[in-house]
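Encoded as structure tokens, the structure appears first; notes follow it.
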Amino acid sequence: MSTKERFVEYLKIKGIGQTAFEESAGLSRGAIAKKTGFNADSIEKIASACPDLNINWLITGIGNMTINTNSSITETPTTNKDIKILDIRVCAGHGIGFDGNENKVIGYVNIPEFTGCYGITVYGDSMYDMYMSGDTIFVREIKDKRNIDNGQPYVIITKEDRLLKMIHIDYERKKTILSSYNNIANPDGKRKYPDMEIDIDNDVIHLYKVVGKLARTQM
């Protein structure tokens with residue numbers, strides 16, 4: 003069984019359509035159906051979108067299909083590798099990164115796959131149904147703001163706000179657009195969560211890439 007055949011098996015068990023997964027994970031249309039294997043970038047996107055998928059099994063066929071992500075959130079750390087879960091709505095200061103003591107810690111979780119990341123609780127429905135309110139996402143800081151994976155989700159910290167959005171770079175017009183995954187419209191036909199344009203160099207103080215999630219149903 004090939005890597006793609008194993009992944010198709012995983013999607014069938016999860017009840018996820020191939021096209022729907024490609025769109026949500028940022029894969030090109032038809033990437034799963036193509037006879038060629040996944041490249042490293044595709045594997046990274048799959049790993050980010052499927053935190054319970056055992057990547058070693060996916061690539062080699064060795065081990066179990068899934069890993070245990072039913073990790074409980076505790077009030078105090080149980081090991082020195084526990085990940086902080088932050089409430090990003092609460093911070094005593096503007097433009098503060100997640101390493102600052104000003105952040106409110108609401109718990110800790112031990113998931114080895116996300117060691118070195120920060121856990122962030124999702125609020126609202128602007129990124130539905132990629133991320134649901136109550137999910138925990140795991141993010142890793144990006145030091146080089148030019149090292150952006152176009153069309154993928156990030157947490158962006160500016161002087162005024164903290165945002166969970168997808169970043170789209172328009173190279174021709176030299177513009178950076180933040181967009182929500184949820185395209186729901188208001189009664190007047192306008193999007194409830196319209197796109198916004200930012201200056202990636204001057205507006206963004208801290209940038210974090212979303213590398214995985216723990217769904218609220220898994221906690």
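Numbering (the numbering used here), first residue to last: 3 to 221. The C-beta atom is built at its ideal place from N, Cα and C for all residues, glycine as well.
Short CB-CB distance (under 8 angstroms) between residue i and chain D
i: Ile69; result: Checking the listed chains, one finds no chain D in this structure; it contains a single protein chain.
Cβ-Cβ separation, residue j to residue i (assumed contact under 8 angstroms), whole Å
i: Lys215; j: Thr160; result: With a Cβ gap of about 23 angstroms, Lys215 and Thr160 do not count as contacting.
CB of residue i within 8 angstroms of CB of residue j, strictly
i: Ile45; j: Val10; result: no
i: Ser30; j: Val212; result: no
i: Gly63; j: Arg8; result: yes
i: Ile150; j: Ile179; result: no
i: Gly28; j: Gly153; result: yes
i: Arg91; j: Tyr133; result: no
i: Ile158; j: Lys167; result: yes
i: Asp54; j: Ile75; result: no
i: Phe40; j: Thr81; result: no
C-alpha distance - residue i paired with residue j, whole-angstrom precision
i: Arg218; j: Gly136; result: 6 angstroms
i: Ala94; j: Ile207; result: Confidence at Ala94 is low in this model, with a pLDDT of 49, below 50, so its placement is unreliable and no value can be given for it.
i: Asn56; j: Met3; result: 16 angstroms
i: Tyr173; j: Gly191; result: 29 angstroms
i: Asn204; j: Glu162; result: 13 angstroms
i: Ser182; j: Arg164; result: 14 angstroms
i: Lys176; j: Leu209; result: 19 angstroms
i: Ala42; j: Ile18; result: 22 angstroms
i: Asp127; j: Arg193; result: 13 angstroms
i: Leu20; j: Ile113; result: Per the sequence shown, residue 20 should be read as Gln rather than Leu. Roughly 27 angstroms between the two C-alpha positions.
i: Arg148; j: Phe140; result: 21 angstroms
i: Cys52; j: Pro79; result: 25 angstroms
i: Lys16; j: Glu77; result: 31 angstroms
i: Asn105; j: Asp197; result: 27 angstroms
i: Asp131; j: Ala22; result: 11 angstroms
i: Lys47; j: Asp201; result: 26 angstroms
i: Tyr12; j: Glu25; result: 17 angstroms
i: Asn58; j: Phe100; result: 30 angstroms
i: Lys36; j: Ile61; result: 16 angstroms
Beta bridge counterpart(s) of residue i as assigned by DSSP
i: Glu199; result: Ile179
i: Lys215; result: Ile139
i: Lys106; result: Asp89
i: Met168; result: Pro155 and Ser181
i: Ile122; result: Leu88 and Ile139
(request) Decide if the stretch 101-120 is in contact with the stretch 71-88; the criterion is three or more beta carbon pairs, one per stretch, under 8 angstroms apart. (result) Yes, they touch.
(request) Could you tell me whether the stretch 178-198 touches the stretch 108-115, where touching means 3 or more Cβ pairs closer than 8 angstroms? (result) no
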